[in-house]
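Written out below as structure tokens is the structure these notes cover.
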Amino acid sequence: MADENDRSEQIEQAVRERYAGAALHVISGEKGSCCGSGGCDPITADLYSRMETETLPEQAVLASLGCGNPTALAELREGETVLDLGSGGGIDVLLSAKRVGPSGFAYGLDMTDEMLDLAERNREAAGLENVRFLKGHIEAIPLPDDSVDVIISNCVINLSADKDRVFAEAFRVLRPGGRFAVSDVVVEGELPEAVRKDMELFVGCIAGALERTDYVRRLEAAGFIEVSVEPTRRYTFADAESVGLKPGALGLLDTEERLRLDGGIMAAFIRARKPHA
2 MADENDRSEQ IEQAVRERYA GAALHVISGE KGSCCGSGGC DPITADLYSR
52 METETLPEQA VLASLGCGNP TALAELREGE TVLDLGSGGG IDVLLSAKRV
102 GPSGFAYGLD MTDEMLDLAE RNREAAGLEN VRFLKGHIEA IPLPDDSVDV
152 IISNCVINLS ADKDRVFAEA FRVLRPGGRF AVSDVVVEGE LPEAVRKDME
202 LFVGCIAGAL ERTDYVRRLE AAGFIEVSVE PTRRYTFADA ESVGLKPGAL
252 GLLDTEERLR LDGGIMAAFI RARKPHA
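Quick note on numbering: the sequence shown equals residues 2 to 278 in my numbering.
What follows is the structure, encoded as structure tokens:
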């Protein structure tokens, strides 16, 4: 148990440092990198339309470190209350606030002070009043039961050391009939542990992505229904090499193994629903 707690603390600290550094880079006028010095263009590029980004503060766009565009896929409606888990610089919260309109509301939850500061700056620059950023952990959401209509997240749940707790908390705060609609990194099939770790440096940077069927199983165990996983972008070894990632375990694979495993890690849009009471 002690080893598990130590591992969780190490993951949290590493994630906090990564996002704090990214926020400070953006505030200082530099473009943040999602995985440190290597860059992550194949993951973060072209996720938002020009129509979406031109209405937002530049720093909100530069601080986007996600793997998808959950606000475009979540089918948000006027008047709904939305919660973004791991909201970072606030891009998905601001887009959600625009989609739900003045009669709706958008919360962003993040544990990193620097990101929360950047997000609040972006909220003020955008002139949005139906937005609030909360400090906290996605494993312990600081909102009451049955308080939000939609939960979104953008490439953050894969970084949690306790995903079952995240799903349980998401289920708790959703209203009956509420929707879970997140972009996240998932694995399809079994990958050698050494390769998984190498590719995590590229797509997740810190913690492990769930296998596709395991993601479904865990959401269902938390009480969700109508669970689906829709791949939106597959990552290849060529992508990793194109951004200068050192070969590591990838360099130990022969051609047949590379062909079998290539594209086994992907960005996906995961949908689920909390049953009506």
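The C-beta atom is built at its ideal place from N, Cα and C for all residues, glycine as well.
Residue i - partner residues in DSSP beta bridges
i	result
Ile153	Asp85
Tyr236	Ile266
Val230	Ile271
Arg180	Val151, Arg274
Ala141	His138
Backbone secondary structure at residue i - three-state DSSP
i	result
Leu135	strand
Ala98	helix
Pro185	First, the amino acid is wrong: residue 185 is Asp here, not Pro. Of the three classes helix, strand and coil, the one that applies to Asp185 here is strand, per DSSP.
Leu160	helix
Asp146	coil
Leu260	helix
Ile207	Here Ile207 scores only 37 on pLDDT, less than 50, and its place in the model is too uncertain to base an answer on.
Ser38	The predicted position of Ser38 is uncertain, since its pLDDT is 34 and thus under 50; no value can be drawn from it.
Assumed close pair residue i, residue j - CB separation to whole angstroms, cut-off 8 Å
i	j	result
Glu130	Gly105	No, Glu130 and Gly105 are not in contact; Cβ-Cβ is about 11 Å, not under 8 Å.
Asp85	Gly109	5 Å
Ile266	Val188	5 Å
Phe172	Ala141	Actually they do not touch by this definition, with Cβ atoms about 14 Å apart.
Asp185	Ala269	6 Å
Val151	Val174	Wrong, their Cβ atoms sit about 11 Å apart, outside the cutoff.
Asn159	Ala98	25 Å between Cβ atoms; not a contact.
Ile271	Tyr216	6 Å
Thr82	Arg100	Between Arg100 and Thr82 the Cβ distance is about 12 Å, and since that is not below 8 Å, they are no contact.
Ala120	Gly89	7 Å
Leu117	Phe168	About 24 Å; that fails the 8 Å criterion.
Lys275	Phe225	6 Å
Gly264	Arg235	4 Å
Pro143	Gly137	4 Å
Pro177	Ala278	4 Å
Endpoints, the alpha helix (DSSP H) within which residue i is located
i	result
Thr72	71-74
Asp215	213-222
Arg173	164-174
Enclosing beta strand (DSSP E) for residue i [first to last residue]
i	result
Arg291	Residue 291 is absent from the structure shown; the chain starts at 2 and stops at 278.
Ala107	106-111
_For the structure I just gave you, are there three or more beta carbon pairs, one from the region 87-104 and one from the region 122-140, closer than 8 Å?_
yes
| Three or more C-beta pairs below 8 Å linking the region 107-118 and the region 178-188 | no
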